[in-house]
Amino acid sequence: MKQYIFTAISIMALFVSCSKSEPQMDRNIFIPDENDSQLPAYTEWGYNSFGAKIDRQYFVSTSHIMPCRALYKDGYLQFSLSGVYWLTYSGNTEMTLSFSFPCEQLHTYADLLILNEKNMELSAGDIQVVQTKVENTAQSRIETIDTLNVVSGMLHFRRAQLLSIDDQPNRAIVSGVFEFRYIEDNNVFPVSVSNGRFDIGINRDNFYAY
Amino acid sequence: MKKKKILTLILFAPLALAAQVQHTHEYSRLRWGIEVGFEAFSGDAITIPQIRESRSGYYGPEYISDFDLYYCGFMFPKYDYTRYFVGFKPEYSLNHHFAVAAGLRFAYNNSVFNSDRDYFLWKVKEEGLTTNYVRVTSVTQNNFYVGIPLELKIFTSRSDLRVRQYFKTGFVFNALVTSDLNVNFEDAAMAKYGEQISRQVKKPARFGAQAIFGVGLKLGRMNHPFGNIEFQIPVNLLNKQRASSFIYQPSVSFAMVATINIPAGKQKLSYNYYSAQ
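Order-wise, the sequence lines are chains Z and G.
If you count by the numbering used here, then the first sequence holds residues 4 to 213, one letter each, in order.
If you count by the numbering used here, then the second sequence holds residues 17 to 293, one letter each, in order.
As structure tokens, this is what we get:
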């Protein structure tokens with residue numbers, strides 16, 4: 004019996020060792036922007052990167068956080084970007100920026116092609132921008148969720164494309180730019196989110212529809 | 017005491033001269049030559065716009081020590097390049113210090129282009145809202161050249177010693193004769209895109225010109241077949257040339273050359289020397 008178990012474990016180990024490396028498309032590729040090297044350059048390759056300036060801080064994608072999730076529910080598409088918001092030299096805050104807007108019926112990630120060249124005014128009444136921050140410290144984890152009071156701005160999906168690898172459909176690549184200003188509670192001056200750009204691959208791992 | 021020494025030297029000098037024999041050393045001005053060698057360098061990678069990883073690299077914003085944050089596959093920023101050559105190069109001595117050589121050289125290079133991963137992605141098709149990548153493990157390129165070396169050798173010593181140092185300067189002009197590209201795919205069924213990828217890359221430079229500076233040792237007497245071994249520094253005379261479809265030729269490379277020379281022709285050079293009886 005022990006022999007059989009040993010053989011089974013050996014075969015399983017062999018299969019694991021023979022498995023292919025992680026697909027390149029899932030990795031983050033960061034191409035520094037020529038004008039601001041803290042931000043990724045605007046690309047349309049599905050580099051799984053995004054970035055924006057929030058006043059003078061940076062909100063950027065990282066390799067350990069799924070950079071984007073798309074959820075279609077009840078006639079709305081929620082397009083969220085998750086990464087880190089750099090605060091200090093030693094610490095950071097995980098942050099998610101979600102754009103929720105009315106959208107035609109979506110069934111699979113391939114349907115995201117309808118976003119191609121779609122432009123949205125973020126201050127419109129039926130569009131919501133939600134900011135979620137998770138501050139991790141040695142002692143605590145503080146999560147704050149704010150629906151932003153956007154006074155002006157836009158989200159522009161410059162390009163949506165369906166990508167095949169070796170002639171097999173693989174994912175949708177959604178690339179675009181965004182910028183907006185919002186008013187925080189008890190503050191008369193708006194916060195500016197500028198130079199936002201994203202280049203994201205979306206497949207069944209990060210697309211949900213129900 | 018001092019006078020004694022001078023007197024002794026004056027007396028013995030003729031005796032010392034009388035004890036030596038005068039010889040005449042003669043060697044052909046013309047020598048056939050066969051050369052083999054290689055030129056090598058590490059050249060900057062050419063950015064291929066169809067490669068997804070071509071602009072990427074390990075990167076971390078200044079204040080982030082965690083480079084894994086942007087961990088990704090990338091194409092190497094530099095690739096090694098070696099060009100092997102063999103040629104026929106006759107040499108002619110102008111005098112005891114200077115010799116000129118010119119010949120015909122056949123050169124071959126095999127360049128391999130790959131990434132730090134098992135494969136990289138190459139965009140082969142883009143139509144409307146659909147894009148097709150193929151997984152490429154590596155691309156190899158074979159380049160064949162014909163070259164003309166024109167050289168001037170400067171011997172430091174007048175005598176044809178068995179081991180004789182020399183300096184060299186000159187030019188080499190290379191012309192690309194043919195080049196082929198082999199694309200290795202992760203999925204062998206994608207070989208159908210090989211031709212398309214070949215069309216997407218630019219060919220290596222058709223023509224190259226280099227100034228040569230070198231130092232070498234002649235091994236053996238020139239009145240018999242002898243050998244040379246040289247270290248050269250070729251300096252590229254043309255800017256930003258494509259050594260292969262994937263590498264730029266740097267301004268300076270290095271080369272090692274071995275030559276065998278065989279005396280030929282009737283014109284001789286000679287000089288006298290003395291040896292002990």
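By construction, the Cβ of each residue, glycine as well, lies at the ideal position given by its N, Cα and C atoms.
Predicted, not measured: the structure shown is a model, and the values here were computed from it.
field: Buried versus exposed, by CB contacts within 10 Å (16 or more), Tyr-74 of chain G
entry: Only weak support is given to the placement of Tyr-74 of chain G: the predicted model assigns it a pLDDT of 47, under 50, and the value that follows is read from those uncertain coordinates. With fewer than 16 Cβ atoms within 10 Å of its Cβ, Tyr-74 of chain G is classed as exposed.
- request: Kindly indicate which three-state DSSP category Ser-52 of chain Z falls into: helix, strand or coil?
  value: For Ser-52 of chain Z, the three-state secondary structure derived from DSSP is strand.
- prompt: Relative to the C-alpha of Phe-101 of chain G, which residue among G:Asn-200, G:Asp-134, G:Tyr-108 and G:Val-162 is closest?
  reply: G:Val-162
query: Can the beta-carbon of Pro-105 of chain Z be found less than 8 Å from the beta-carbon of Tyr-79 of chain Z?
result: yes
query: Is it true that the CB of Glu-167 of chain G sits closer than 8 Å to the CB of Ala-123 of chain G?
result: no
query: Taking all protein chains shown into account, do 16 or more other C-beta atoms lie within 10 angstroms of the C-beta of Gln-226 of chain G, making it buried, or fewer, making it exposed?
result: buried
- request: Could you work out which residues of chain G lie near Leu-165 of chain Z, taking near to mean beta carbons separated by less than 8 Å?
  value: Leu-145, Thr-146 and Thr-147
- prompt: To the nearest whole angstrom, what separates the beta carbons of Phe-210 of chain Z and Gly-179 of chain Z, a pair I think is in contact under 8 Å?
  reply: Not confirmed; about 16 Å, so no contact.
- prompt: With 16 other CB atoms within 10 Å as the buried threshold, where does Pro-93 of chain G fall?
  reply: Under the 10 Å beta carbon count, Pro-93 of chain G is surrounded by fewer than 16 other beta carbons and is classified as exposed.
message: Per DSSP, what are the beta-bridge partners of Val-268 of chain G in this structure?
response: G:Val-251
query: With a Cβ-Cβ cutoff of 8 Å, do Gln-265 of chain G and Gly-59 of chain G count as a contact?
result: yes
- prompt: Can you tell me where the alpha helix (DSSP H) with Glu-211 of chain G in it begins and where it stops?
  reply: 210-216
- request: Taking only beta-carbon positions, decide if Asp-114 of chain Z is within less than 8 Å of chain G.
  value: no
query: What whole-angstrom Cβ distance do Asp-176 of chain G and Met-238 of chain G have, given they're in contact under 8 Å?
result: 5 Å
message: Taking the straight line between their C-alpha atoms, what separation do you get for Asp-58 of chain Z and Ser-214 of chain G?
response: 47 Å
message: Extract the residue ranges of the beta strand (DSSP E) inside the segment 174-207 of chain Z, only unbroken runs of 3 or more that lie entirely within it.
response: 193-205
task: Decide if Gly-281 of chain G is buried, meaning its Cβ has at least 16 other Cβ atoms within 10 Å, or exposed.
output: exposed
message: Please confirm whether Tyr-86 of chain G has its beta-carbon closer than 8 Å to some beta-carbon of chain Z.
response: Since pLDDT at Tyr-86 of chain G reaches only 48, below the 50 mark, its modelled position is unreliable, and no value is offered.
- prompt: Which residues of chain Z have a Cβ atom closer than 7 Å to the Cβ of Leu-233 of chain G, listed in chain order?
  reply: Simply none; closest approach about 49 Å.
task: Using a Cβ cut-off of 9 Å, pull out every chain Z residue sitting near Phe-136 of chain G, in sequence order please.
output: Gln-27
query: Does the separation of the CB atoms of Phe-54 of chain G and Arg-99 of chain G fall below 8 Å?
result: yes
- request: Check whether the Cβ atoms of Gly-54 of chain Z and Ser-40 of chain Z lie closer than 8 Å to each other.
  value: The Cβ atoms of Gly-54 of chain Z and Ser-40 of chain Z lie no closer than 8 Å to each other.
query: Using a C-beta to C-beta distance shorter than 9 Å, which residues of chain G count as neighbours of Asp-169 of chain Z?
result: Asn-148, Tyr-149, Val-150, Arg-151, Phe-201, Glu-202, Asp-203, Ala-205 and Met-206
query: Using the beta-carbon of each residue, which ones in chain G are nearer than 7 Å to Asn-119 of chain Z?
result: Leu-145
Status (buried if at least 16 other CB within 10 Å, exposed otherwise) for Asn-111 of chain G: exposed
Local Cβ density within 10 Å of Ala-259 of chain G, reported as buried at 16 or more and exposed below that: buried
- prompt: Under the rule that 16 or more other beta-carbon atoms within 10 Å means buried, what is Leu-125 of chain Z, buried or exposed?
  reply: The residue in question, Leu-125 of chain Z, is buried, as its Cβ has 16 or more Cβ neighbours within 10 Å.
query: CB Ser-52 of chain Z to CB Met-69 of chain Z, shorter than 8 Å?
result: no
query: If we count Cβ pairs, one from each stretch, closer than 8 Å, do we get three or more for the segment 232-246 of chain G versus the segment 185-198 of chain G?
result: no
query: What does Glu-246 of chain G touch in chain A if you count any residue whose Cβ is under 9 Å from its own?
result: The chain inventory of the structure shown lacks chain A, comprising the protein chains Z and G.
Three CB pairs or more closer than 8 Å across the segment 131-150 of chain Z and the segment 105-123 of chain Z: Fewer than three pairs of CB atoms, one per stretch, sit closer than 8 Å, so the segment 131-150 of chain Z makes no contact with the segment 105-123 of chain Z.
Terminal residues of the beta strand (DSSP E) in which Glu-107 of chain G lies: 107-109
query: At a Cβ cut of 9 Å, what residues of the segment 52-65 of chain Z count as close to chain G, listed as they run along the chain?
result: Of all residues in the segment 52-65 of chain Z, only Ser-52, Tyr-61, Val-63, Ser-64 and Thr-65 come within less than 9 Å of chain G when Cβ atoms are compared, listed by chain position.
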